[in-house]
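Encoded as structure tokens, the structure appears first; notes follow it.
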Amino acid sequence: MFLQVSNLSKKYGNQQVLNNISFDVSKGEIIGLLGPNGAGKSTTMKIIAGCLVPDAGCVLIEGFNMSEDDLEAKSKIGYLPENNPLYEEMYVAEYLEYVAKIYIKKRTVKERIKEVIELTGLQKEARKTINQLSKGYRQRVGLAQAIIHNPDLLILDEPTSGLDPNQTEEIKGLLLELGKKKVILFSSHTLSEVESICSRVIIIHKGNIVADMPTHETDNLDTLFKTLTKE
Ligand code: ADP
4 MFLQVSNLSK KYGNQQVLNN ISFDVSKGEI IGLLGPNGAG KSTTMKIIAG
54 CLVPDAGCVL IEGFNMSEDD LEAKSKIGYL PENNPLYEEM YVAEYLEYVA
104 KIYIKKRTVK ERIKEVIELT GLQKEARKTI NQLSKGYRQR VGLAQAIIHN
154 PDLLILDEPT SGLDPNQTEE IKGLLLELGK KKVILFSSHT LSEVESICSR
204 VIIIHKGNIV ADMPTHETDN LDTLFKTLTK E
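Here it is, written out as structure tokens:
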């Protein structure tokens, strides 16, 4: 098992945001974490990425416990947070160099930047500053920084949020390409997006996992999603 999420719980003040959730992920899977706003998707992803400590439960990445062996665990993860925070004034290549130097050996930085720029289709934009880019290209920069250390698992929090239909299609294509070599866990509140990219869907509602199944297994995921997530 590549990723094991066991009995995660999290409270903010009095609000129980995650309620004892568990799931396992094997290599080769693209998983959609689907749920309405406020369901607990970002909280789950922040905990898996090691950015937030749960009140209970644990996350194992290839056997490394995120709370005990965090350096090993984090080295296997690439994370694109919601809203994709970037340094706007930096040039694309300059920003990627800055991130790369944190993660990888200095002598490999130049070559790796070239690779990720090609992988994410940023060749034409690499000499612009980030604030000159369209939202779709900014997402590509976010993806490029997430894969810079060649992690096996990508955690992408609403990577297509706010994109127009063309940009969404382009990012979806990129995820399918990346998913050939990496495990991808991405969140969305759009069912059709999850259906078109993922091999498996996990539906989360009010901090509980209410369904976990292969996307092809139900003919009527739409009705199921609406039923499971209604008040
Ligand atoms: P989703 O990603 O599914 O939209 P989140 O995990 O962001 O859901 O949020 C789940 C719930 O936790 C929401 O009700 C949200 O308001 C609350 N929440 C998230 N972050 C915080 C925080 N830092 N402090 C207090 N409440 C929070």
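For the sequence shown, the numbering used here assigns the number 4 to the initial residue and increments by one for each residue that follows.
Idealized CB from N, CA, C, for every residue including glycine.
Under 8 Å between C-beta atoms of residue i and residue j
i, j, result
"Thr218", "Val186", "no"
"Asp160", "Ser45", "yes"
"Phe5", "Leu179", "no"
"Ala42", "His208", "yes"
"Leu194", "Leu231", "no"
"Lys14", "Val20", "yes"
"Leu99", "Ile116", "yes"
"Gln142", "Asn86", "no"
"Leu37", "Ile158", "no"
"Val112", "Gln148", "no"
Selected residue, minimal CA-CA separation from residue i, among the options
i, options, result
"Gly176", "Gly165, Leu146 and Leu156", "Leu146"
"Gly31", "Glu85, Gly182, His208 and Asn223", "Gly182"
"Cys54", "Ile120, Asn211 and Asp73", "Asp73"
"Gly139", "Arg130, Ile120, Asp167 and Glu114", "Asp167"
"Gln3", "Lys104, Lys109 and Ala96", "Outside the shown range of the chain (4 to 234) lies residue 3, about which nothing can therefore be said."
"Arg130", "Glu92, Val112 and Ser202", "Glu92"
"Leu188", "Gly16, Tyr82 and Gln18", "Tyr82"
"Asp23", "Lys104, Arg115, Asn86 and Cys61", "Residue 23 is actually Asn in this sequence, not Asp. Answer by Cα proximity: Cys61."
"Ile150", "Tyr106, Leu63 and Pro39", "Tyr106"
"Ser202", "Ser29, Lys233 and Phe67", "Ser29"
The ligand ADP heavy atom lying under 7 Å from the CB of residue i
i, result
"Thr193", "no"
"Gly43", "yes"
"Thr163", "no"
"Val204", "no"
"Gly35", "no"
"Tyr15", "yes"
"Gly38", "yes"
"Val119", "no"
"Thr46", "yes"
"Val20", "yes"
8 Å contact criterion, which residue i and residue j should meet: CB distance rounded
i, j, result
"Ile200", "Ile51", "Ile200 to Ile51, Cβ: 19 Å. No contact."
"Ser191", "Met48", "That belief does not hold up - the Cβ atoms of Ser191 and Met48 are roughly 12 Å apart, past 8 Å."
"Leu11", "Pro57", "5 Å"
"Lys79", "Pro154", "5 Å"
"Gly35", "Val213", "Their Cβ separation, rounded to whole angstroms, is 14 Å, which puts Gly35 and Val213 out of contact at 8 Å."
"Val144", "Ile133", "6 Å"
"Ala76", "Met69", "5 Å"
Collapsed DSSP secondary structure at residue i in the structure displayed
i, result
"Lys229", "helix"
"Met48", "helix"
"His208", "strand"
"Leu179", "helix"
"Thr171", "helix"
"Leu224", "helix"
"Ser218", "Here residue 218 is Thr; the residue named in the question, Ser, does not match the sequence. Looking at Thr218 - three-state DSSP - the assignment turns out to be helix."
"Asp72", "coil"
"Asn22", "strand"
"Asn10", "strand"
"Ala59", "strand"
"Thr163", "coil"
"Gly81", "strand"
"Leu111", "Note that residue 111 is Thr in the sequence shown, not Leu. Thr111 falls in the helix class under three-state DSSP."
"Ser199", "helix"
"Leu146", "helix"
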